[in-house]
Structure formats: C-alpha cells, structure tokens
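In this note's numbering, the protein residues as written are 440 to 555.
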C-alpha cells in the first residue's frame, strides 16, 4: 500500500479555520499550491542540472514551506534534503532526490484533485 501524500488531519485542521460566508480555505490553499508548485519544481530541476546551490536552496525551501502548510510531509522531507544539498554543496543523490520529488508531487496532485 502506498502511503498517502497528503495528511488529511492537516486538511481537517485547515478546514476548521473556515469562516462562515467566506470561500473554503482548503480549496484556496490547494489551488494556490497546485498553481505555484510546477514553477518551484522547474527551478529545482534547473538548479540541480546547472549545479547552482543557492538557487536549489531557495527553490527547495519555498516548495518545502508550501508542502508543510498543506500536510504533504513526504514532499516536505524531500525538499528539506534538496535544500540542504543546495546549502552544503554536497550533491550526491541530487538527481535521484529530484526524481523522487516529482513522483511524490504527482501522487500529491492526484490526492488534491480527489479533494477538490
């Protein structure tokens, strides 16, 4: 069994922040995440392929924060690894980490689409 990419307990906590008469916060956050994440993933790819540590650190940090906000723990953890690679300049396994990040993101998108 594949572990869920999205922690539904986090989604539930976000739903509790909804205010009567206001747009659904979870929908807004997930739609914003889906709109922003592809550019972050592309920036991560570009940084790894060009060996640009500071760019990798920035892009991975941004995606890590967004993933953490919505409860995408595995994606958050992968971005943390990539962020550290960018910070330290130790690139061993960077390409594999990027591939795993893309797989995790694809699974996450399926789960988000199911919720929306």
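The beta-carbon is built from N, C-alpha and C at its ideal position, and this holds for glycine as well. Quick caveat: nothing in here was measured; it's all calculated off a predicted structure.
Counting along the chain, the unbroken alpha helix (DSSP H) around residue 471 starts and ends at 464-489.
In this structure, residue 457 sits near residue 464, with a CB-CB distance shorter than 7 Å. Around the beta-carbon of residue 529, fewer than 16 other beta-carbon atoms lie within 10 Å, marking it exposed. When the five nearest sequence neighbours on each side are left out, the beta carbons in the same chain lying within less than 6 Å of the beta carbon of residue 494 are those of 486, in order along the chain.
The straight-line gap separating the alpha-carbon atoms of residue 445 and residue 452 is approximately 13 Å. Contact check for residue 521 against residue 499 passes: the beta carbons are separated by less than 7 Å.
Residue state for residue 503 is assigned as helix, using DSSP reduced to three classes.
Sixteen is the threshold: when 16 or more other Cβ atoms of the shown chains lie within 10 Å of the Cβ of residue 479, as they do, the residue is buried.
At a Cβ-Cβ threshold of 7 Å, residue 513 and residue 524 do not count as neighbours.
Counting every other CB atom within 10 Å of its CB across the protein chains shown gives residue 554 a total below 16, marking it as exposed. Cβ-Cβ distances below 7 Å link residue 503 to 515, 518, 519 and 522 in the same chain, with the five nearest sequence neighbours on each side left out; the list follows chain order.
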